[in-house]
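Below is one structure, written out as structure tokens; comments come after it.
Residue numbers (the working numbering): 5 to 408.
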């Protein structure tokens, strides 16, 4: 008797990939995820491949979320974020970054709560770019920039940075990359993966370039508090005027050990409020209220935790850098901020293969530099936002592997 059930054993005759939106083909697989999947669940492996630390979210933050749930705050909410959180962000920005452009305190109307920094980036790209446009990105760069640009239908133009005692931008090279199709420059400072931190003079030069060409700047400053000198890194907030076209990306993930909570914000001119509200409505319909309550607690009560975490990260950085420098085979610029070491290893050009070998032969998970675009080839990235004891063991393993 013939079965009415479909035959699931024969290969599909449908060209599923050919049937989807062509823009989806432009989104490359993450080289970080490739190595992560290769080494997933390896017994005893020390994971230094993704951009998060080993600390769990502090209790005072989780308690705020639990209290919100106990109060029944489980309904739809403001698309832009609850007023209490947006006002908290505005006060935080005034305290840490000083007066708003044009003077006075930062206003809540400029801040829009998102599902993490990635959601803020997606909205920013949809605002500034579309099919046929170009976005200039100093490279090596976080690969998600390229993915967000591709999903907007635009094209990334990578501008290699200069490596040396510190990573730096070549402003003339940046200017040469601008064409009539250019719509924006993405500036990640402090940077992932290099730890590059733009000086005030570099920010002024980039801003002048954007003004001359009528470009947007998308400023990813999420590592701005994770610096090893001073309270924060230089920011476009320090040099901009009220009418400059700058969109700022922020997240609570790094400062307060909240990567899994998925909450951040987009800062933009208040006049774009209805546009951004619509973008949130048609993507996520807002961030759960109990997560927003946790964010308020993090920002208002989290300075001691941030200070303790930074001291811990600094110690881990120093252990890793001094240990690998002593091998005589690892080359790098000392990270000025963030929690990544971007380094090359003498005699190892294929870092995708190197990353897999380190999984198999040293019990270390690292990210291949090729995942970070032009200029990243020949490097690997190690995230040292872990305990000094674990980083010391990772350094010992890497050094022993190099000595073989």
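Even glycine gets a Cβ: it sits at the ideal position worked out from N, Cα and C.
If you drop the 5 nearest sequence neighbours on each side, which residues of the same chain put their C-beta closer than 8 Å to that of residue i?
i: residue 6; result: Unreliable positioning characterises residue 6 in this predicted model, as indicated by a pLDDT of 48, which lies under 50. The coordinate reading is nonetheless provided below. Cβ within range, chain order: n/a, list empty.
i: residue 165; result: 142, 143, 144, 171, 172, 173, 174, 198, 200, 379
i: residue 17; result: none
i: residue 236; result: 100, 101, 228, 229
i: residue 403; result: 327, 328, 330, 331
For residue i, count neighbouring C-beta atoms within 10 Å of its own C-beta (all shown protein chains included) and say buried if the count is 16 or more, exposed if not.
i: residue 97; result: buried
i: residue 375; result: buried
i: residue 245; result: exposed
i: residue 289; result: exposed
i: residue 408; result: exposed
i: residue 262; result: buried
i: residue 351; result: exposed
i: residue 284; result: buried
i: residue 278; result: exposed
i: residue 409; result: An answer regarding residue 409 cannot be provided, because it is not within the stretch 5 to 408 covered by the chain.
i: residue 128; result: buried
i: residue 62; result: buried
i: residue 315; result: exposed
i: residue 266; result: buried
i: residue 106; result: exposed
Could you tell me the boundaries of the alpha helix (DSSP H) in which residue i lies?
i: residue 41; result: 35-43
i: residue 223; result: Counting along the chain, residue 223 falls outside any alpha helix (DSSP H), though it belongs to the beta strand (DSSP E) covering 220-224.
i: residue 204; result: 204-217
i: residue 120; result: 120-132
i: residue 375; result: From DSSP, residue 375 is part of no alpha helix (DSSP H); its letter is neither H nor E.
i: residue 138; result: Residue 138 -> not in any alpha helix (DSSP H); beta strand (DSSP E) instead, spanning 138-143.
i: residue 92; result: 87-101
i: residue 177; result: 175-180
Near residue i, what residues of its chain come up, given a Cβ to Cβ distance below 6 Å and the 5 sequence neighbours on each side ignored?
i: residue 271; result: 114, 115, 252
i: residue 109; result: 98
i: residue 259; result: 229, 310
i: residue 274; result: 113, 114
i: residue 177; result: 163
i: residue 298; result: 65, 68, 69
i: residue 385; result: 197, 344, 346, 371
i: residue 40; result: 53
i: residue 58; result: 390
Can you list, in chain order, the residues of its chain whose CB lies under 7 Å from that of residue i, leaving out five sequence neighbours each side?
i: residue 334; result: 328, 347, 349
i: residue 339; result: 199, 321, 345
i: residue 192; result: 145, 146, 224
i: residue 293; result: 72, 77, 81, 86
i: residue 365; result: 405
i: residue 92; result: 300, 303, 304
i: residue 399; result: 323, 324, 327, 328
i: residue 206; result: 173
Does the beta carbon of residue i sit closer than 7 Å to a beta carbon anywhere in chain C?
i: residue 401; result: Considering every chain present, this structure includes no chain C. It has just one protein chain.
Looking at the unbroken beta strand (DSSP E) that takes in residue i, where does it start and where does it end?
i: residue 163; result: 159-164
i: residue 254; result: 250-255
i: residue 271; result: 268-271
i: residue 170; result: First-last for residue 170: undefined, no H or E at that position.
i: residue 186; result: 186-192
i: residue 348; result: 344-349
For my contact list, residue i and residue j are in at a C-beta cut-off of 8 Å; report their separation, rounded to the angstrom.
i: residue 204; j: residue 242; result: 6 Å
i: residue 154; j: residue 126; result: Their Cβ separation, rounded to whole angstroms, is 11 Å, which puts residue 154 and residue 126 out of contact at 8 Å.
i: residue 36; j: residue 20; result: Their Cβ separation, rounded to whole angstroms, is 26 Å, which puts residue 36 and residue 20 out of contact at 8 Å.
i: residue 117; j: residue 89; result: 6 Å
i: residue 138; j: residue 186; result: 5 Å
i: residue 444; j: residue 367; result: The requested residue 444 does not occur in the structure, where the chain is confined to residues 5 to 408.
Heavy atom of the ligand PLP less than 6 Å from the Cβ of residue i, yes or no?
i: residue 79; result: Among the components modelled here there is no ligand, and therefore nothing to report on the ligand PLP.
**Asked** Using 8 Å as the Cβ pair cut-off and three pairs as the minimum, do the segment 213-227 and the segment 238-251 touch?
**Response** A contact exists between the segment 213-227 and the segment 238-251.
**Prompt:** Touching or not, the segment 179-187 and the segment 313-323, by the rule of three or more beta carbon pairs under 8 Å?
**Reply:** Flag = no, the segment 179-187 and the segment 313-323 do not touch.
**Stretch-stretch touch, CB-based, cutoff 8 Å, three pairs: the segment 67-79 with the segment 391-405** = Contact between the segment 67-79 and the segment 391-405 is absent: fewer than three C-beta pairs spanning the two stretches fall below 8 Å.
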